[in-house]
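Numbering (numbering that gives the first Met the number 0), first residue to last: 0 to 304. The next block holds one structure in the form of structure tokens; read it before the comments.
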Amino acid sequence: MLNSDKSQKYPKARRVTWIGLIINVGLISFKVLAGILGHSAALIADAVHSVSDLISDALVLVGLKISARPIDETHPYGHGRVETIVAFLVGLILGLVGIGIGFKAINIMIQGVSYTPRLIALLAALTSIVVKEWLYHYTIRVSRWTNSPSLRANAWHHRSDAFSSIATALGVGGAMLNPQWVILDPLVACLVAVFVVETSGKITWRAFLELVDTSVNQETRDQIEQAAKTVPGVIGLHKLKTRHVGSEIFVDVHIEVDPQITVTEGHNIATRLKNFILQQVNNIAEVTVHVEPEGDSLSQVKQYL
Ligand SMILES: [Zn+2]
Ligand SMILES: [Zn+2]
Numbered sequence: 000m001l002n003s004d005k006s007q008k009y010p011k012a013r014r015v016t017w018i019g020l021i022i023n024v025g026l027i028s029f030k031v032l033a034g035i036l037g038h039s040a041a042l043i044a045d046a047v048h049s050v051s052d053l054i055s056d057a058l059v060l061v062g063l064k065i066s067a068r069p070i071d072e073t074h075p076y077g078h079g080r081v082e083t084i085v086a087f088l089v090g091l092i093l094g095l096v097g098i099g100i101g102f103k104a105i106n107i108m109i110q111g112v113s114y115t116p117r118l119i120a121l122l123a124a125l126t127s128i129v130v131k132e133w134l135y136h137y138t139i140r141v142s143r144w145t146n147s148p149s150l151r152a153n154a155w156h157h158r159s160d161a162f163s164s165i166a167t168a169l170g171v172g173g174a175m176l177n178p179q180w181v182i183l184d185p186l187v188a189c190l191v192a193v194f195v196v197e198t199s200g201k202i203t204w205r206a207f208l209e210l211v212d213t214s215v216n217q218e219t220r221d222q223i224e225q226a227a228k229t230v231p232g233v234i235g236l237h238k239l240k241t242r243h244v245g246s247e248i249f250v251d252v253h254i255e256v257d258p259q260i261t262v263t264e265g266h267n268i269a270t271r272l273k274n275f276i277l278q279q280v281n282n283i284a285e286v287t288v289h290v291e292p293e294g295d296s297l298s299q300v301k302q303y304l
């Protein structure tokens, strides 16, 4: 897929997040109701947890709105980093959620489970599994298309919720068959806690790496180099620097050209190179090209300096 139209990205990203938020409000109401009617403390606790879902959704919406702002005088690289910060925060929230699930599970195991769950509580948990897993797939698809880090983080939050509802469903469902099986809830919840904390770690770490200007992956760097080398007039290439700014990538590169050509010709080669990379590689926002004569002794001393 070539560069998707930037103007279409924001509405799509905002839409999937709003849908997630509305569904979350619906799920919370359903869980509270089902928890009260079905006498399930686990479901009510689950609903209280869901407040963190709403905070995540709201953060993502604010981040998307700010990051969609165009480049201006004081933000020459755009506002994309706001989205990365949001991804970082969503990851942290998820970490707290995971720790909460773990503590709750341990607590239940120590103190014992005292609720007598009913069918409506099981239905609420099952609904939550299906809906949240669907939300995960929908959101992760849009996050791939928009290359949005905050949507990716929120998608993983949805999936974590689906997993924690599996624990609730097993606990509630198990208890309906045999009261002793209620222990399934805290046991599975412990596994879910580990999964959620691990997911949170991945999300925050990835956001952190982008915030400290880690270069894009080797595959994308190779793509850029391959594209650059096929441009007529480009003899050599070095000091390829890349970084993420939100959903976009900024590229700096030095190219070597024939020392005898004119400045105009050199500039034309640089422009061709820039346009070709923009066309060939996904999610590139800008390519800054430094042109120098082939064999310049200073140029090749250190590749990355
Ligand atoms: Zn959640
Ligand atoms: Zn150079």
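Where a beta carbon is used, it is the ideal one built from N, C-alpha and C, also for glycine.
Between the Cα of alanine 123 and the Cα atoms of Ala104, Ala86 and Ser163, which residue gives the shortest distance?
For the purposes of this step, residue 123 is taken as the residue at position 124 of the sequence shown. Among Ala104, Ala86 and Ser163, the Cα nearest to that of alanine 123 belongs to Ser163.
Since glycine 25 sits in a beta bridge, which residues does DSSP pair it with?
For the purposes of this step, residue 25 is taken as residue 26 along the sequence shown, with counting starting at 1. Per DSSP, none; premise fails for glycine 25.
Which parts of the stretch 148 to 179 are runs of the beta strand (DSSP E), unbroken and 3 residues or longer, counting only runs that do not cross its ends?
none
Output the distance between the C-alpha atoms of leucine 26 and histidine 157, rounded to the nearest integer angstrom.
The residue given as residue 26 occupies position 27 in the sequence shown. The residue given as residue 157 occupies position 158 in the sequence shown. Distance between the alpha carbons of leucine 26 and histidine 157: 12 Å.
If you drop the 5 nearest sequence neighbours on each side, which residues of the same chain put their C-beta closer than 7 Å to that of valine 141?
Taking the sequence shown and counting its residues from 1, one reaches residue 141 at position 142. Hits under 7 Å: Lys11, Ala12, Val15 and Leu150.
Apart from the five residues just before and just after lysine 8, which ones in its own chain have a Cβ nearer than 6 Å to its Cβ?
Mapped onto the sequence shown, residue 8 falls at position 9. Excluding residues within five positions, the ones whose Cβ falls inside 6 Å are Thr145.
List in chain order the residues whose CB is within less than 5 Å of at least one heavy atom of ligand 1.
Asp52 and Asp160
Histidine 243 (DSSP reduced to helix, strand or coil):
Locating residue 243 in the sequence shown gives position 244, counting from the first residue. Looking at histidine 243 - three-state DSSP - the assignment turns out to be strand.
Ligand 2 and lysine 307: does the residue's C-beta get closer than 7 Å to at least one heavy atom of that ligand?
Any question about residue 307 goes unanswered here, given that the chain covers just 0 to 304.
Suppose the cutoff is 6 Å on Cβ atoms and the five residues either side in sequence are ignored; what does the same chain contact list for phenylalanine 29 look like?
One-based indexing of the sequence shown puts residue 29 at position 30. Closer than 6 Å at the Cβ level, and outside the excluded window around phenylalanine 29, lie Ala123.
Helix, strand or coil at glutamate 132 [DSSP, three-state]
Taking the sequence shown and counting its residues from 1, one reaches residue 132 at position 133. Note: glutamate 132 maps to helix in three-state DSSP.
Would alanine 154 pass as a contact of isoleucine 165 if the rule is Cβ separation under 8 Å?
For this step, residue 154 is matched to residue 155 along the sequence shown. For this step, residue 165 is matched to residue 166 along the sequence shown. No, Cβ-Cβ distance for alanine 154 and isoleucine 165 is not below 8 Å.
Could you tell me the alpha carbon to alpha carbon distance between isoleucine 107 and proline 185, rounded to whole angstroms?
Residue numbering aside, residue 107 sits at position 108 when the sequence shown is read from its first letter. Residue numbering aside, residue 185 sits at position 186 when the sequence shown is read from its first letter. Looking at the two C-alpha atoms, the distance is approximately 6 Å.
Where does glutamate 197 fall in DSSP's three states?
For the purposes of this step, residue 197 is taken as residue 198 along the sequence shown, with counting starting at 1. In the structure shown, glutamate 197 sits in a helix (DSSP, three-state: H, G or I).
Using 8 Å as the threshold, is the C-beta distance between leucine 53 and leucine 20 below it?
Indexing the sequence shown from 1 puts residue 53 at position 54. Indexing the sequence shown from 1 puts residue 20 at position 21. Closer than 8 Å, so yes.
Return yes when the Cβ of alanine 46 is within less than 8 Å of the Cβ of valine 31, no when it is not.
As a first step, residue 31 is located in the sequence shown; it is residue number 32 there, counting from the start. As a first step, residue 46 is located in the sequence shown; it is residue number 47 there, counting from the start. Yes. Within cutoff.
Do the CB positions of glycine 94 and valine 191 come within less than 8 Å of each other?
As a first step, residue 94 is located in the sequence shown; it is residue number 95 there, counting from the start. As a first step, residue 191 is located in the sequence shown; it is residue number 192 there, counting from the start. No, the pair does not count as a contact, with Cβ atoms beyond the cut-off.
Please name the residue in Gly235, Ile105 and Val59 whose C-alpha comes closest to that of proline 148.
Counted from its first residue, the sequence shown places residue 148 at position 149. Cα-wise, what sits closest to proline 148 is Val59.
Excluding five sequence neighbours on each side, which residues of the same chain lie with their C-beta closer than 7 Å to the C-beta of isoleucine 100?
As a first step, residue 100 is located in the sequence shown; it is residue number 101 there, counting from the start. These residues qualify, in order along the chain: Ser163, Ala188, Val191, Ala192 and Val195.
Looking at serine 55 and histidine 89, is the spacing between their C-beta atoms short of 8 Å?
Here residue 89 is taken as the residue at index 90 of the sequence shown, counted from 1. Here residue 55 is taken as the residue at index 56 of the sequence shown, counted from 1. The question names histidine, but residue 89 in the sequence shown is valine. Closer than 8 Å, so yes.
Nearest candidate by alpha-carbon position, reference glycine 37, set Leu118, Val81, Ser127 and Lys273
On the sequence shown, position 38 is the one that residue 37 refers to. Minimum Cα distance to glycine 37 is reached at Leu118.
Check for me: the beta strand (DSSP E) holding histidine 289 runs from which residue to which?
On the sequence shown, residue 289 is found 290 positions in, with the first residue counted as 1. Residues 283 to 292.
Expected contact under 8 Å - CB spacing of glycine 77 and isoleucine 70 to nearest Å:
As a working note, residue 77 is residue 78 in the sequence shown. As a working note, residue 70 is residue 71 in the sequence shown. Correct: roughly 5 Å between the Cβ atoms.
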